[in-house]
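Below: the structure, in structure tokens.
Residue numbers (the numbering used here): 146 to 339.
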């Protein structure tokens with residue numbers, strides 16, 4: 146309760162000259178994993194200072210951390226402009242890459258992750274982008290794989306696999322049967338590598 150009162154008092158005295166104190170507060174909330182608080186308080190700051198790059202950056206990364214990639218993208222795009230420091234651009238690009246993947250814009254995801262690596266913003270942003278390229282299987286290694294898409298699944302077949310159609314039909318049917326029980330709404334297509 147004391148922390149919340151402190152935050153409210155700090156934010157009620159907001160002025161453009163006091164942005165450094167607010168940025169420290171947002172940074173500490175972000176580091177503590179208080180993403181929803183970063184979003185709420187950051188949006189208040191952006192109402193008065195809509196061009197503030199670090200606030201956009203933290204709000205965007207917080208939206209991503211909260212599982213809301215569509216809302217993260219505009220903020221991360223704002224924090225990835227020519228005035229942004231290199232470290233911020235690196236993290237914004239890496240996070241944008243994952244956000245685009247989560248909304249099923251695979252080509253944009255790959256472009257942003259590669260841009261983060263090439264920028265070399267920080268060692269950790271490069272490591273993160275490389276890790277996502279590998280985990281999301283967006284490396285060049287997968288370029289010559291055959292892709293078959295159904296309503297809910299994107300199948301990736303390595304060269305030389307036979308009976309792809311039978312496999313696709315069987316797995317699609319299994320998903321349909323299982324989903325009759327679970328009733329899940331998929332946020333994006335399932336990427337299935339064979």
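Glycine included, every Cβ here is placed at the ideal spot set by N, Cα and C. Quick caveat: nothing in here was measured; it's all calculated off a predicted structure.
Item, Value
"In whole angstroms, what separates the C-alpha of residue 237 from that of residue 221?", "5 Å"
"Using CA atoms only, rank isn't needed, just tell me which of 298, 295, 204 and 291 is closest to residue 307.", "291"
"Mark residue 335 as exposed unless 16 or more other C-beta atoms lie within 10 angstroms of its C-beta, in which case mark it buried.", "exposed"
"With a CB to CB cut of under 6 Å and the five nearest residues on each side skipped, what residues in its chain are close to residue 204?", "184, 187 and 220"
"Name, in chain order, the residues that DSSP records as bridge partners for residue 289.", "Beta-bridge pairing links residue 289 to no other residue."
"Going by beta carbon distance, what residues of the same chain come within less than 8 Å of residue 209, once the five residues before and after it are set aside?", "217, 221, 240, 243 and 244"
"Would the beta-carbon of residue 173 fall within 8 Å of that of residue 202?", "no"
"Thinking residue 270 and residue 261 are a contact (beta carbons under 8 Å), I'd like their distance in whole angstroms, please.", "6 Å"
"Report the rounded CA-to-CA distance for residue 161 versus residue 211, giving the unit in angstroms.", "With a pLDDT of 44 at residue 161, under the threshold of 50, the predicted position of this residue should be treated as unreliable, and no value is reported."
"Round the Cβ separation of residue 333 and residue 247 to the nearest angstrom and send it over; I've been treating them as touching at under 8 Å.", "6 Å"
"So, residue 207 versus residue 167, is the Cβ gap smaller than 8 Å?", "no"
"Nearest to residue 299 by alpha carbon, out of 281, 266, 176 and 286?", "281"
"State the Cα-Cα distance for the pair residue 277 and residue 253, rounded to the nearest angstrom.", "13 Å"
"Please report how far the alpha carbon of residue 339 lies from the alpha carbon of residue 190, in whole angstroms.", "47 Å"
"DSSP three-state call for residue 345: helix, strand or coil?", "Past the edges of the chain, shown from 146 to 339, lies residue 345, and the structure says nothing about it."
"Only counting the same chain, and skipping five residues up and downstream in sequence, which positions put a Cβ closer than 7 Å to that of residue 316?", "298 and 337"
"For residue 294, does the three-state DSSP call read helix, strand or coil?", "strand"
"Quick one: give me the first and last residue of the beta strand (DSSP E) that residue 335 is part of.", "335-338"
"Report the three-state DSSP secondary structure of residue 301 (helix, strand or coil).", "strand"
"Which whole-angstrom value is the C-beta distance of residue 256 and residue 274, which I expect to be below 8 Å?", "About 11 Å separates the two Cβ atoms, so there is no contact after all."
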